[in-house]
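Here's the structure, in structure tokens; my notes come after.
Residue numbers (the working numbering): 444 to 550.
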């Protein structure tokens with residue numbers, strides 16, 4: 444099982460790809476919906492993401508390496524994601540209220 448998180452602007456530009464940058468992250472149910480924690484995030488990246496907090500979408504992919512199946516989830520906030528960055532720990536925590544499973548396959 445492997446996982447990947449993308450943080451994108453609503454216009455489609457990728458701001459962060461945990462797979463490409465080998466960043467640890469966690470997505471868990473909590474707070475007012477879902478908590479997304481990204482570890483080892485550089486301060487400059489955290490600042491840019493924070494400056495664009497109103498324009499973010501999160502995409503969480505969970506791959507079953509043995510079967511090749513990929514479960515996909517879109518996480519977002521109907522209003523504004525909450526965001527806290529701890530520069531000492533280099534950890535960003537986002538809180539969103541919505542999570543939707545989706546597929547790119549045609550029915």
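All C-beta atoms, glycine included, are put in the ideal place defined by N, C-alpha and C.
Remember, predicted model here, so these are calculated numbers, not experimental data.
**Message:** Whole angstroms are fine: how far does the CA of residue 472 sit from the CA of residue 457?
**Reply:** Here residue 457 corresponds to residue number 14 of the chain shown, with the count starting at 1. Here residue 472 corresponds to residue number 29 of the chain shown, with the count starting at 1. So the two alpha carbons sit approximately 24 Å from each other.
**Message:** Am I right that residue 539 and residue 501 are in contact with their C-beta atoms under 8 Å? What's the rounded C-beta distance?
**Reply:** Taking the chain shown and counting its residues from 1, the one referred to as residue 539 is at position 96. Taking the chain shown and counting its residues from 1, the one referred to as residue 501 is at position 58. Their Cβ separation, rounded to whole angstroms, is 7 Å, which keeps residue 539 and residue 501 in contact under 8 Å.
**Asked** For residue 529, is the classification buried or exposed, using 16 other Cβ atoms within 10 angstroms of its Cβ as the cut-off for buried?
**Response** Taking the chain shown and counting its residues from 1, the one referred to as residue 529 is at position 86. The residue in question, residue 529, is exposed, as its Cβ has fewer than 16 Cβ neighbours within 10 Å.
**Status (buried if at least 16 other CB within 10 Å, exposed otherwise) for residue 464** = The residue labelled residue 464 in the question sits at position 21 within the chain shown. It is exposed - the Cβ of residue 464 has fewer than 16 other Cβ atoms within 10 Å.
**Request:** Quick one: residues in its chain with C-beta nearer than 6 Å to the C-beta of residue 506, no 5 flanking neighbours on either side, listed in chain order?
**Result:** The residue given as residue 506 occupies position 63 in the chain shown. Within the same chain, Cβ atoms closer than 6 Å to the Cβ of residue 506 are found at 445 and 513, the five residues on either side in sequence being excluded.
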